[in-house]
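Residue numbers for the sequence shown follow this note's numbering, so the first one is 4 and each next one is one higher.
The beta-carbon is built from N, C-alpha and C at its ideal position, and this holds for glycine as well.
In what follows, a single structure is set out as structure tokens and then discussed.
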Amino acid sequence: MSTITRTVRNLWKTGVKVRCLAPIERDTKAGTLIGTDRWGNKYFENTEELPLRTRWVDYKSHDFDAAQIEPGWHAWISYLVDKPPTQDSLLQYKRRAWEDSDPKSIPSYTLSRGAYKPYNTVKAKITMWEPTTAERK
């Protein structure tokens with residue numbers, strides 16, 4: 004939740020260009036644009052914020068999906084690496100030979116019938132007790 008002082012401070016810094024992450028956090032943010040990915044998401048950073056609140060993503064669409072963040076950007080936004088994919092060539096997206104020519108057409112099957120579901124191939128160590136009954140004489 005954004006406080007009044009935080010909102011006023013961000014308005015003082017950047018004017019009207021303050022980002023409001025309404026569908027996600029209901030928080031006002033002010034920072035520099037680090038880059039955009041192939042989905043159109045914008046990534047920002049502000050080093051004057053509290054720790055672990057300095058990096059954030061502004062999704063292109065309001066029906067966002069966290070699976071739309073590329074692995075390189077995910078590593079940067081999770082503080083696993085210091086350099087964003089725009090500065091580090093190892094983190095930049097490179098299309099593999101087996102991938103579809105249009106990567107935006109590949110949907111995320113999470114929380115759908117097509118999602119990956121692992122199954123167990125080992126017999127359970129604990130089994131349910133099933134009572135046996137004998138006929139009365």
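Going by the DSSP bridge assignment, what does Arg58 pair with across the sheet? Mapped onto the sequence shown, residue 58 falls at position 55. Glu48.
Give the secondary structure of Thr8 by DSSP, where H, G and I count as helix, E and B as strand, and everything else as coil. Taking the sequence shown and counting its residues from 1, the one referred to as residue 8 is at position 5. Correct three-state label for Thr8: helix.
Less than 8 Å separating the beta-carbons of Tyr112 and Arg41? Your numbering for residue 112 matches position 109 in the sequence shown. Your numbering for residue 41 matches position 38 in the sequence shown. Cβ atoms of Tyr112 and Arg41: not closer than 8 Å.
Between which two residues does the alpha helix (DSSP H) carrying Ala38 extend? As a position in the sequence shown, residue 38 is number 35, starting the count at 1. In the sequence as presented, Ala is not what sits at residue 38; that position holds Gly. Run containing Gly38: none in the alpha helix (DSSP H); it sits in the beta strand (DSSP E), 35–39.
Locate the alpha helix (DSSP H) running through Trp101, then write down its first and last residues. Indexing the sequence shown from 1 puts residue 101 at position 98. It is not in any alpha helix (DSSP H) - Trp101 carries neither H nor E in the DSSP assignment.
Using the C-alpha atoms, what's the distance from Thr8 back to Ile80? Here residue 80 refers to the residue found at position 77 when the sequence shown is read from its first residue. Here residue 8 refers to the residue found at position 5 when the sequence shown is read from its first residue. Cα atoms of Ile80 and Thr8: separation of roughly 26 Å, rounded to the nearest angstrom.
For Gly117 and Ala137, I'd like the C-alpha separation in whole angstroms. Taking the sequence shown and counting its residues from 1, the one referred to as residue 117 is at position 114. Taking the sequence shown and counting its residues from 1, the one referred to as residue 137 is at position 134. One Cα belongs to Gly117, the other to Ala137, and the distance between them is close to 46 Å.
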